[in-house]
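For the sequence shown, counting from 1, position 69 maps to 69 in full-length UniProt numbering; every step adds exactly one.
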Amino acid sequence: MPELTYLQGYSESLKAQVHQLINQQRLGQVLLSRYPQPHNVTTDKSLYQFTLDLKNQYLRSSSPLSKVAYDNKIHVMKHALGLHTAISRIQGGKLKAKAEIRVATVFKNAPEAFLKMIVVHELAHLKEKEHNKSFYSLCCHMTPDYHQLEFDTRMYLTYLEIFGKLYQ
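Written out as structure tokens, the structure reads:
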């Protein structure tokens with residue numbers, strides 16, 4: 001049985017269900033029935049606009065984003081699914097802050113719901129730095145089915161690891 005690297009924090013009963021889907025060669029079918037096609041947000045420019053639209057809808061008063069991009073250096077095994085960085089620099093007598101969001105390149109060919117979940121997660125870090133109750137409440141405010149999407153994203157990554165591409 002393959003190790004479910006992406007599902008480590010979940011209950012044994014959920015992991016057993018995923019193992020069963022893998023053994024029956026049905027994990028891909030389940031994912032495709034829920035998420036039949038990938039998104040079309042494939043460039044850094046379109047990802048920036050996608051992120052900005054969500055930010056403007058839910059977090060208008062938060063700090064501006066200086067950059068949003070896909071990053072092929074993020075390896076989901078070692079890092080998170082996306083990264084947020086805040087860089088502060090002194091220019092002259094002023095303190096300048098830059099906020100950046102980077103999304104793992106593997107999500108260029110994923111369902112839009114998964115991309116939205118990752119972007120929402122990184123946007124929530126603009127307001128809440130820690131993964132606490134307020135952080136997850138904010139994520140659920142922006143995407144009510146946030147926790148289900150996170151689980152499904154992890155099943156998608158499991159599928160990719162075992163079988164390869166889901167979408168042709």
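Even for Gly, the Cβ is constructed at its ideal location relative to N, Cα and C.
These figures come from a predicted structure and were not determined experimentally.
Proximity winner among the options, relative to residue i (alpha-carbon distances)
i	options	result
asparagine 72	Val18, Val106 and Leu95	Val106
threonine 5	Glu161, Leu166 and Gln168	Glu161
alanine 110	Asn23, Lys129 and Gln37	Gln37
tyrosine 156	Leu81, Ala97 and Glu12	Leu81
residue 191	Asn56, His121 and Lys67	In the structure displayed, the chain extends from 1 to 168; residue 191 sits before or after that span and is not available.
phenylalanine 163	Gln25, Tyr10 and Glu12	Gln25
Contacts around residue i, its chain only, beta-carbon distance under 7 Å, and the 5 residues preceding and following it disregarded
i	result
leucine 126	Leu59, Ser62, Ser63 and Ala99
histidine 79	Any reading at histidine 79 needs caution, since the residue's pLDDT is 49, under 50, leaving its predicted position unreliable; the model's value is listed next. Excluding residues within five positions, none has a Cβ falling inside 7 Å.
tyrosine 70	Asp44, Leu47, Val103, Thr105 and Lys108
leucine 21	Leu27 and Val30
arginine 154	Tyr6 and Leu7
Beta-carbon contacts of residue i that lie in its chain and below 6 Å, excluding the five residues immediately before and after
i	result
glutamine 17	none
alanine 124	Phe135, Leu138 and Cys139
lysine 15	Leu4 and Leu7
arginine 84	Before going on, a small fix: residue 84 reads as histidine here, not arginine. Same-chain partners within the cutoff: Ile101, Glu122 and His125.
Close Cβ partners of residue i (< 8 Å) along its chain, the five nearest in sequence each way excluded
i	result
serine 46	Asn40
leucine 149	Ala113, Phe114, Lys116, Met117 and Thr143
Boundaries of the alpha helix (DSSP H) in which residue i is found, first to last residue
i	result
tyrosine 159	146-163
tyrosine 136	133-142
lysine 15	12-23
valine 30	27-34
tyrosine 70	Careful: tyrosine 70 lies outside any alpha helix (DSSP H), inside the beta strand (DSSP E) at 67-71.
glutamine 49	44-58
glutamate 130	Note, glutamate 130: premise wrong, no alpha helix (DSSP H); not H, not E.
Exposed unless 16 or more other CB atoms sit within 10 angstroms - verdict on residue i
i	result
arginine 34	exposed
glutamate 130	exposed
lysine 55	buried
tyrosine 167	exposed
threonine 158	buried
threonine 51	buried
aspartate 152	buried
leucine 95	exposed
- Counting pairs of Cβ atoms below 8 Å between the stretch 114-124 and the stretch 142-153, do you hit three or more? yes
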